[in-house]
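Colleague: Numbering (mature numbering (1 follows the signal peptide of the UniProt record, and there is no 0)), first residue to last: -27 to -1, 1 to 1229. All residues carry an ideal CB built from backbone N, CA and C; glycine is no exception.
Shown next, in the form of structure tokens:
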């Protein structure tokens, strides 16, 4: 809808008179408070809105969601508006567009009144005409000056873009005008005069000095805690009668009473947002005592005297409509220092009305609702007997409930007379021989109330509501009228033969009132007439159908005139542009076309057709003929996909040598066809075809995908992964030899732990030589390679078995619980520690290591020692209840007594992920083993400081740097792994604790983009991490650091020299002074100030941002030239809605709108930030182009459109080749070198891809 300023002025034209607190709020409704509340009506405020309140609504918006649309053009109301919103005819209460334009001419808001200027001057003209300003008027804060020309020849005065005519009826002589004005500064006006016989314009500059005019005190931004009465000014479509404000912690909430019951929900915001808002974010109501009014709470109020949008949902049709209101600051009166919110009984009553009056109490079929009366028919619409009633009741922790009936005898004996019991209420059908009426009362209770007290009705209810049930009886008979009707026009066919027979094939005789039938019985009904056939059949002469009697009704039996029972159907096939599709073929199931391709078909019968054409998507549909008809079918061309392949090795396998595609094939008409690639290796594939592809590498066996890929989807540029996992036997032998040589280099012969017996290296060297001989044999086969692998493996296995058992002293960090800081331990571990744990039963051997780590200190050995230290005898008596491994290579099932499917339990060595199986990972002297538990809601971030030991002086600022490595799911092996790619950890708040005094110290700010934050610790001692928090990171592993704070050095005293006695000087002959020329001092060079380079162009990544409250987003900027000395600054127009940091990071605070001003030198950009209460998910993403060609060095933002535009989720950007094109999370791309890359943006499971080609 188009909202003009004139429209908003009209919306606020009716001043609303409100009472402080509606009389319906008795002492039992509010929380305890000593103040007595009476019916109070403050005076109506005449204060109007300033222009800045209205400007945010001046832009055009539209709603096509079925809401009331209010649109004005040239001051005229639409008919649609007049149906729902009425405005007063008094011009005094209507803000004109000119008044709104004049608002805000001064930053001050002046009090209404008439004032005499202190001084007035003017410049311009010939001097023959003088100008005076005898008075200045202020009306609703707007300034108007009376300008008097001494000549009566002035016919018009132009101020700004507006023209003003002379006014009459004043005591002033000459030409008198009343125009908008500004005070205490020059103002240009243009007068049109007819003097000198010619119409001409004269430009004047006037200056009105008036400094003594009183200023209106602005509305307070924050009210004190307490309860207030207030006036509300709203459009007349929202009839607010009373308003109470209660304030807690600076947050203002309103309780509004509406004059009628036309609305059942209010929402602080737009109707469009209200439609998708959660119920808990709406204000619900309770009725007044007489039921004529609705009382709503709580409506959040951001600021007094500030226009805000409020949506209201109509009670009858549940349509949301937009409205506008403001709380008049001058009317606000404090009535209590207590916060008098509605008490628990009022809240319970509101909950009851929200869920069980508005929404109803049952959805049982066959029950009709009329207000609070529910009518239970004997049969439902499908003619099934209504045998039970299911009643809704709360299933929340806040309330218990009970259903009380005035007459339980209406139900079967199996229904327990226990109101607190949730059950189905089965009706006693034997008693349904006459109408029964009873009441059902739903009562809500405090959750602490016992069920027994509810059942015996001795508990006090918080709220209750009573409904009436009318249970209709079963009748002995029903009257049914059967009539044959023409299926085409619905007219009754006279003289049609109609028969009704019962289940025993006895014919039922009709009477004047039709047929008397027995409810619940089935009958067969036939209808026929000469020249007619049964409608919806292929020529059947007699209509025959089954009928179940239930209630009085008239039943139409459809027949079709035989002469009008068939029609000609043709098809026209075209593409999306309307061009005929050549070679298209249409078939109808079970029918044969005429030579011209047309079909002659029976009316009323549903037919199914299918249209096919080469290179087009098949189209199928159905229709029911009623007349001669041409059916237009639109066919869409099949997508042609440009497909490339990324050949890689599966995790843990050899890097492919010379990877390549072997073939891409598909089947068509029983024939296998091959797709050839382009020069760039791109394969063109057609939609819906199933493609099989084969690929290989020099060191891998040819691989063909097990399941063909079906070409589909909207993205036409596709990259498919081809994963190699089956190396050739020769390649495997080559890898074994490489590993054996690495082992050879590792071996040290001797008697020390971790050393090998003398002769080990010689034995291994011989085995390596034999394997290399087999590898290089020109006549080698897979069998000879396998034999060589077996021989080499046998030697290596024995070598590992011969190793002297190792020991290692390591440092251990244990995060015992999720979110808990690590504790540090130092321990000496041997290679036999895990084997020393006695495990019996089915889990025996669970800690057994592989041959490679049998004599080495492995992580499992250290874990066994850790669990002994932490859990003692409890662990030793049940080892696998605290530490249990899975299958070989599978990882850990239980660690620290926690199951892996509940929490993520894992380990790292020296901060790196080294594997999942502790039995296969070796440790060496000095290693740091981290064993931890983290929540498994998402893959956690493993945090660590760049320095884990720091020494500083007290009261000294020092900086720490935090980094993080994120876990991810490796789909190749279906396991969670660490990336081992640490990056700065931004947005973390770290608190340290003194290990002795438990004093805590928190960093001065959250970690910045480089992961840095600053501490200053006033007291000495040893400090470690206590807590780490980041609201956007749900799961993390806390880091370890030791900080030693030493005393600051004492200031050193400067010694005072002892006084010495100076001997009296003896007279000596003074030599004649010699003149020594003084050296001319060299001038100190003055450093030249750096040359200023002004910004010439400023680009931002967006002009509008939508965010959910509490979420963040960062503004992307590009400033050119790149060496500019102008810094980019950011400023928010409304910090209560959204703040912005010096780096452009926006934090959404609460629902509303703020404008972020971005400046670089003299350049300015503005970004509107819309903060929403709820998440709005994107349904689609789309780039304007499929591809883009750039020159090397180009930096620009990519623009992608989302549907809906109000989607609030953050987008993620990714480049397929960062060496060619990089992209940041604001969509800023940098073309680095010649080549091609694909940029993918994703959000809410949707994605879009654009191909970027970079030229030199």
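1. In terms of alpha-carbon separation, which member of 540, 326 and 207 lies closest to residue 566?
2. Can you give me the start and stop residues for the alpha helix (DSSP H) that residue 747 sits inside?
3. When we look at the beta-carbon of residue 267 and count the other beta-carbons within 10 Å, is it buried (16 or more) or exposed?
4. By a C-beta neighbour count over all protein chains shown, 10 Å radius and 16 as the cutoff for buried, is residue 1145 buried or exposed?
5. Tell me, please, which residues DSSP counts as bridged to residue 634.
6. Starting from residue 486, trace the alpha helix (DSSP H) both ways and give me its first and last residue.
7. Would the C-beta of residue 406 count as close to the ligand HEM, meaning under 6 angstroms from any of its heavy atoms?
8. With a threshold of 8 angstroms, are at least 3 pairs of Cβ atoms found where one atom belongs to the segment 1070 to 1090 and the other to the segment 1180 to 1187?
9. What residues in its chain sit with their C-beta under 6 angstroms from that of residue 322, if we drop five residues either side in the sequence?
10. Take residue 1208 as the anchor and find which of 1217, 1215 and 1194 has the nearest alpha-carbon.
11. Going by beta carbon distance, what residues of the same chain come within less than 8 angstroms of residue 601, once the five residues before and after it are set aside?
12. Helix, strand or coil for residue 324 per DSSP?
13. Which residues bound the alpha helix (DSSP H) around residue 836?
14. Which of the three DSSP states is assigned to residue 222 in this structure?
15. Residue 850 and residue 877 - do their beta-carbons sit closer together than 7 angstroms?
16. Could you give the distance in angstroms between the alpha-carbon of residue 203 and the alpha-carbon of residue 305?
17. Would you check if the distance between the CB atom of residue 1125 and the CB atom of residue 1110 is smaller than 7 angstroms?
18. Among 879, 803 and 510, whose alpha-carbon lies nearest the alpha-carbon of residue 949?
19. Tell me the DSSP secondary structure of residue 886 in three-state form.
20. Using a Cβ distance threshold of 8 angstroms, determine whether the segment 798 to 818 contacts the segment 840 to 856, with at least three qualifying pairs required.
21. Does DSSP classify residue 1216 as helix, strand or coil?
22. Which residues mark the beginning and the end of the beta strand (DSSP E) in which residue 1160 is found?
23. Considering only the alpha carbon of each residue, which of 1222, 723 and 220 lies closest to residue 271?
24. With respect to the alpha helix (DSSP H) encompassing residue 351, which residues constitute its N-terminal and C-terminal limits?
25. Pick helix, strand or coil for residue 820, following the three-state DSSP scheme.
26. Less than 7 angstroms between the beta carbons of residue 129 and residue 136, yes or no?
27. Our contact map puts residue 91 next to residue 185 with C-beta atoms below 8 angstroms; I'd like the distance itself, whole angstroms only.
28. Compute the beta-carbon to beta-carbon distance between residue 471 and residue 458, rounded to the nearest angstrom, for a pair I have assumed lies under 8 angstroms.
29. Secondary structure at residue 983, three-state DSSP: helix, strand or coil?
30. To which residues of the same chain is residue 729 closer than 8 angstroms at the C-beta, ignoring the five residues directly before and after it?
31. Looking at C-alpha atoms only, which residue of 926, 982, 1008 and 1012 is the closest neighbour of residue 964?
32. Tell me whether the beta-carbon of residue 506 lies closer than 7 angstroms to the beta-carbon of residue 497.
33. Answer yes or no: does any C-beta atom of chain C fall closer than 7 angstroms to that of residue 1222?
34. Straight-line CA distance for residue 87 to residue 134?
35. Hey, how far is the Cα of residue 979 from the Cα of residue 1119?
36. Answer yes if the segment 1166 to 1175 comes into contact with the segment 1188 to 1203, meaning at least three C-beta pairs across the two stretches below 8 angstroms, and no otherwise.
Modeller: To lay it out plainly:
1. 540
2. 733 to 749
3. buried
4. buried
5. 668
6. Per DSSP, residue 486 belongs to no alpha helix (DSSP H) and is neither H nor E.
7. For the ligand HEM, the structure offers nothing, since it holds no ligand at all.
8. yes
9. 259 and 436
10. 1194
11. 540, 541 and 542
12. helix
13. 832 to 844
14. coil
15. no
16. 4 angstroms
17. yes
18. 879
19. coil
20. yes
21. strand
22. 1160 to 1164
23. 220
24. Where residue 351 is concerned, there is no enclosing alpha helix (DSSP H), given that its DSSP letter is neither H nor E.
25. coil
26. yes
27. 7 angstroms
28. Residue 471 to residue 458, Cβ: 11 angstroms. No contact.
29. coil
30. 720, 721, 722, 723, 772, 775, 776 and 777
31. 1012
32. no
33. Absent from the structure: chain C. Only one protein chain is present.
34. 25 angstroms
35. 15 angstroms
36. yes
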